[in-house]
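2 protein chains.
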Amino acid sequence: MKLLECVPNVSEGRDSEKIEALATLLSSSSGVALLDYSSDPDHNRSVFTYVGDPEKVLAATMEFCAEAYGLIDMRTHTGCHPRLGAVDVVPFVPLRGIEMEEAVHVAHALGEALGAMGVPVYFYEEAALRPERCNLADCRRGEYEKLAEHLCGPEGCPDAGPAEFNPRCGATVVGARHPLIAFNVNLGTSNLAVAQAIARAVRHSSGGFRYVKALGMELKDRGLVQVSMNLVNHEQTPIHRVVESVRSEAARHGVPVVECELVGMVPLGAIEEAVRHYLQIHDFSSAKIIEARLLEAELGDR
Amino acid sequence: MKLLECVPNVSEGRDSEKIEALATLLSSSSGVALLDYSSDPDHNRSVFTYVGDPEKVLAATMEFCAEAYGLIDMRTHTGCHPRLGAVDVVPFVPLRGIEMEEAVHVAHALGEALGAMGVPVYFYEEAALRPERCNLADCRRGEYEKLAEHLCGPEGCPDAGPAEFNPRCGATVVGARHPLIAFNVNLGTSNLAVAQAIARAVRHSSGGFRYVKALGMELKDRGLVQVSMNLVNHEQTPIHRVVESVRSEAARHGVPVVECELVGMVPLGAIEEAVRHYLQIHDFSSAKIIEARLLEAELGDR
Numbered sequence: 148m149k150l151l152e153c154v155p156n157v158s159e160g161r162d163s164e165k166i167e168a169l170a171t172l173l174s175s176s177s178g179v180a181l182l183d184y185s186s187d188p189d190h191n192r193s194v195f196t197y198v199g200d201p202e203k204v205l206a207a208t209m210e211f212c213a214e215a216y217g218l219i220d221m222r223t224h225t226g227c228h229p230r231l232g233a234v235d236v237v238p239f240v241p242l243r244g245i246e247m248e249e250a251v252h253v254a255h256a257l258g259e260a261l262g263a264m265g266v267p268v269y270f271y272e273e274a275a276l277r278p279e280r281c282n283l284a285d286c287r288r289g290e291y292e293k294l295a296e297h298l299c300g301p302e303g304c305p306d307a308g309p310a311e312f313n314p315r316c317g318a319t320v321v322g323a324r325h326p327l328i329a330f331n332v333n334l335g336t337s338n339l340a341v342a343q344a345i346a347r348a349v350r351h352s353s354g355g356f357r358y359v360k361a362l363g364m365e366l367k368d369r370g371l372v373q374v375s376m377n378l379v380n381h382e383q384t385p386i387h388r389v390v391e392s393v394r395s396e397a398a399r400h401g402v403p404v405v406e407c408e409l410v411g412m413v414p415l416g417a418i419e420e421a422v423r424h425y426l427q428i429h430d431f432s433s434a435k436i437i438e439a440r441l442l443e444a445e446l447g448d449r
Numbered sequence: 148m149k150l151l152e153c154v155p156n157v158s159e160g161r162d163s164e165k166i167e168a169l170a171t172l173l174s175s176s177s178g179v180a181l182l183d184y185s186s187d188p189d190h191n192r193s194v195f196t197y198v199g200d201p202e203k204v205l206a207a208t209m210e211f212c213a214e215a216y217g218l219i220d221m222r223t224h225t226g227c228h229p230r231l232g233a234v235d236v237v238p239f240v241p242l243r244g245i246e247m248e249e250a251v252h253v254a255h256a257l258g259e260a261l262g263a264m265g266v267p268v269y270f271y272e273e274a275a276l277r278p279e280r281c282n283l284a285d286c287r288r289g290e291y292e293k294l295a296e297h298l299c300g301p302e303g304c305p306d307a308g309p310a311e312f313n314p315r316c317g318a319t320v321v322g323a324r325h326p327l328i329a330f331n332v333n334l335g336t337s338n339l340a341v342a343q344a345i346a347r348a349v350r351h352s353s354g355g356f357r358y359v360k361a362l363g364m365e366l367k368d369r370g371l372v373q374v375s376m377n378l379v380n381h382e383q384t385p386i387h388r389v390v391e392s393v394r395s396e397a398a399r400h401g402v403p404v405v406e407c408e409l410v411g412m413v414p415l416g417a418i419e420e421a422v423r424h425y426l427q428i429h430d431f432s433s434a435k436i437i438e439a440r441l442l443e444a445e446l447g448d449r
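Protein sequence lines, in the order shown, are assigned to chains U and G.
Numbering-wise, my numbering puts 159 at position 12 of the first sequence, and it's gapless, one number per residue.
Numbering-wise, my numbering puts 149 at position 2 of the second sequence, and it's gapless, one number per residue.
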């Protein structure tokens, strides 16, 4: 079973008719399952999450983008989230049975197709063709408003599609990345310095785990503090190792871990490794889980 | 999503043509997924595992039993495993979204249907109508060879079907039970007494957890000993609590837990509780797992 996830972000979070039209397109798309979608009116932005066989996901995403370019006009778009285009970012995430290389291949194929629709395309993260475009924030610098100017210079030359400003669509950033796990640890203290010290201990930028981003934050209403993290590669830096490190650092401050929070969804693979660790079942895998076996059987039927 | 599991055991483990015919019947049955099947020639017995919507599982099981009664003749059956009939035991297991009560209802419906095919039926475990039939071993006492005699007495009166000996089919025991998790903990010592002491500490029969059966065993080839367990209700007695108790008892003997083994499959629910415990994600559920959400979406499509 091959599972590729796609999480496109589009610049429309207010007009429910348009948002529903995009959701309907995905949910009626053959061979992909729309798992979730949500909109933020302040950001004026919607995010869709769907999975399926790589070829089916690519085909559905091409249709989705064409529909979104038709529905959304960037000339009238306002919203507080940074964005470059009507279809702003399209990340592909290899979830199961496929390598990052294949997700990058799908990202490049989509980029070429969107370019052929007349939209300038930049490739980011694992799909980046230039090192300075790895980081999404760098690709989006100046946003839609500076795009016409940016496209004229050598730094703004798109990776696919025309180097010409498309006022209606803007530009689209397409990429491939590992699943991102948003994971928070709440600590039984109101002392923000403790959360900040632990965040520094575990995050990559200050000597911690390679695939962890972390910040210390206050949860004022609850009188707690939080180590708020993004785990950007759970295979190389698994959840349990980060949690055990946070627990160890918290114990040094005499502070208990009150609870952990998972924001959004995780791939089953991230859970498998925690089971292997804590229950010491060294050969544990999803083949041991009835529901996962059933999913294999169901998808195999198609 | 409702998931009922069925794990029928039939008295044929040598004739691969007959075994394949039964497997084919299940894998082509609408709305159920055959997850696994295996045969033991010494036992002369095969076990099939399939899941699906309760109504579909009931319908498939009726066809399966009718086919097995046609293929297997108990008059010529030999094998070292205790058995009463051609279709020997049919347990139904509520896996997801259904209560035990519904599994019992399905068991009783199947029993009545098999009775109408002229086969004496006994109900066991949660489906038992008499307390002395709760235990499968008690239902099967005397085996096929004593069945004709047993059916004449008041103790042998079937719960469904005729009280008459059916030489070809024997009798069938139908029941409902919780998922059974076969779980072993291997200990870094060759001292069998340690494994036996820990087995006594955790098992129900000697004051331990209510839904744990346990034995101490030697793994001679590896120079280790093992606490071999059956967890017969993971909702009431979850895996992690048993593992932590074994670890605590082992530590008292100065003995390390080398590894744990899961024999066969587990329902996702058993894993969810371990994640809630070890990662302290109090609200963790399968709704947070991408693959589980996808399975819901797939089965919802039918």
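Built from N, CA and C at the ideal position, the CB exists for glycine as well.
These numbers were taken from a predicted model, which means no experiment stands behind them.
With a cut-off of 8 Å, does the C-beta of residue i fall near any C-beta of chain U?
i, result
"G:Gln383", "no"
"G:Arg440", "yes"
"G:Glu420", "no"
"G:Leu169", "no"
"G:Leu151", "no"
"G:Val236", "no"
"G:Val379", "no"
"G:Val198", "yes"
"G:Pro155", "no"
Nearest to residue i by alpha carbon, out of the options?
i, options, result
"G:Cys153", "G:Ser186, G:Met209, G:Ser175 and G:Lys165", "G:Met209"
"U:His381", "U:Ala318, U:Met364, U:Val405 and U:Phe356", "U:Phe356"
"U:Arg161", "U:Arg288, U:Lys435, U:Ser185 and U:Ile345", "U:Ser185"
"U:Tyr358", "U:Asp368, U:Gly370 and U:Ile328", "U:Ile328"
"G:Pro229", "G:Leu182, G:Leu366 and G:Val157", "G:Val157"
"G:Phe195", "G:Ala207, G:Leu446 and G:Glu202", "G:Ala207"
"G:Asn331", "G:Ala318, G:His325 and G:Val372", "G:Val372"
"U:Arg222", "U:Arg315, U:Arg324, U:Arg369 and U:Asn338", "U:Arg315"
"U:Leu182", "U:Asn191, U:Val320, U:His190 and U:Thr171", "U:Thr171"
"U:Leu169", "U:Lys149, U:Ala233 and U:Gly199", "U:Ala233"
"G:Val393", "G:Ile345, G:Leu442 and G:Lys435", "G:Ile345"
"G:Gly363", "G:Arg350, G:Asp189 and G:Gly354", "G:Arg350"
"U:Leu409", "U:Ile428, U:Asn333 and U:Thr384", "U:Asn333"
"G:Pro155", "G:Asp189, G:Val198 and G:Lys149", "G:Val198"
"G:Phe431", "G:Glu443, G:Leu442 and G:Ala417", "G:Ala417"
"G:Ala318", "G:Thr336, G:Arg280 and G:Gly265", "G:Gly265"
Under 8 Å between beta-carbons, which chain U residues line up against residue i? List them in chain order, please.
i, result
"G:Pro414", "Ile436, Ile437 and Glu438"
List, in order along the chain, the chain G residues whose C-beta lies closer than 7 Å to that of residue i?
i, result
"U:Gln427", "Val404, Glu406 and Cys407"
Using a C-beta to C-beta distance shorter than 7 Å, which residues of chain U count as neighbours of residue i?
i, result
"G:Leu182", "Ile437, Arg440, Leu441 and Ala444"
"G:Ile386", "Leu426"
So which residues of chain G does residue i contact, with C-beta pairs closer than 8 Å?
i, result
"U:Phe431", "Leu409"
Please check the pair residue i and residue j, which I expect to be a contact at CB under 8 Å, by giving their CB distance rounded to whole angstroms.
i, j, result
"U:Val240", "U:Leu205", "In fact, because the Cβ distance is near 13 Å, the residues do not count as touching under 8 Å."
"U:Ala215", "G:Glu445", "Actually they are not in contact, since the Cβ atoms of U:Ala215 and G:Glu445 sit about 26 Å apart, beyond 8 Å."
"G:Ile428", "U:Cys407", "5 Å"
"U:Leu426", "G:Ile386", "7 Å"
"U:Leu151", "U:Ala274", "About 13 Å separates the two Cβ atoms, so there is no contact after all."
"U:Phe312", "U:Leu294", "6 Å"
"U:Arg324", "U:Pro238", "5 Å"
"U:Leu378", "U:Val390", "Actually they are not in contact, since the Cβ atoms of U:Leu378 and U:Val390 sit about 10 Å apart, beyond 8 Å."
Does residue i come within less than 8 Å of chain G when only Cβ atoms are used?
i, result
"U:Leu242", "yes"
"U:Val390", "yes"
Against chain B, with Cβ distances strictly below 8 Å, would residue i count as a contact?
i, result
"G:Phe431", "The structure shown contains no chain B; the protein chains it does contain are U and G."
The ligand SAM heavy atoms versus the CB of residue i: any closer than 7 Å?
i, result
"U:Asn331", "Ligands displayed in this structure: none; no statement on the ligand SAM is therefore possible."
Report the residue ranges of all alpha helix (DSSP H) runs contained in full by the region 229-292 of chain G; include only those spanning at least 4 residues, in chain order. Complete alpha helix (DSSP H) runs here, min 4: 247-263 and 283-286.
As an exercise, report each continuous alpha helix (DSSP H) stretch of at least 4 residues that is fully enclosed by the region 326-363 of chain U, in chain order. Counting whole runs of 4 or more residues, the region 326-363 of chain U contains the alpha helix (DSSP H) stretches 339-349.
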